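One structure is given below, encoded as structure tokens.
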Amino acid sequence: MLSRLLKEHQAKQNERKELQEKRRREAITAATCLTEALVDHLNVGVAQAYMNQRKLDHEVKTLQVQAAQFAKQTGQWIGMVENFNQALKEIGDVENWARSIELDMRTIATALEPSFPGSSSPTTPPPAPHALNTSGTQSTRHGLWP
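Take 1 as the starting number for the sequence shown in the UniProt record's numbering and just add one per residue.
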């Protein structure tokens with residue numbers, strides 16, 4: 001009887017150990033599945049963040065290239081406007097120089113008129129001695145090219 005009790009006890013212990021081992025394996029399997037699910041969930045977020053970062057990097061590079069092109073084009077426009085402005089100033093200087101020469105010639109013609117009584121006098125009066133140039137200031141040059 002004692003040996004039968006011992007055998008039953010050992011059999012129950014073996015059953016408990018097997019049940020405990022089975023539950024341990026199920027718990028390990030469940031924990032592994034949970035861990036993989038959590039990692040997969042986190043990896044989706046990380047992958048999305050990585051893709052967004054790549055897109056942002058690409059956009060930044062594109063924007064830098066476009067900004068450099070815009071700066072270059074703006075510099076060209078500024079140069080063109082400055083050249084145009086300088087050309088306008090030179091045209092005004094040429095006009096002023098021509099007026100000054102014309103005034104000098106009229107002055108000389110008026111001074112020489114008494115010496116040659118048969119010549120005709122100019123029909124238009126001479127312009128003011130100080131004409132304005134394109135910048136709006138008075139020019140004091142008389143017959144001299146800048």
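Glycine is no exception: its CB is placed at the ideal position from the N, C-alpha and C atoms. Remember, predicted model here, so these are calculated numbers, not experimental data.
What span of residues does the alpha helix (DSSP H) with residue i cover, start to end?
{"i": "Met1", "result": "It is not in any alpha helix (DSSP H) - Met1 carries neither H nor E in the DSSP assignment."}
Can you give, in chain order, each stretch of the alpha helix (DSSP H) that sits fully within the segment 71 to 103 and has at least 4 residues?
none
Pick out the complete alpha helix (DSSP H) segments inside the segment 37 to 73, 4 residues or longer, and give them in chain order.
none
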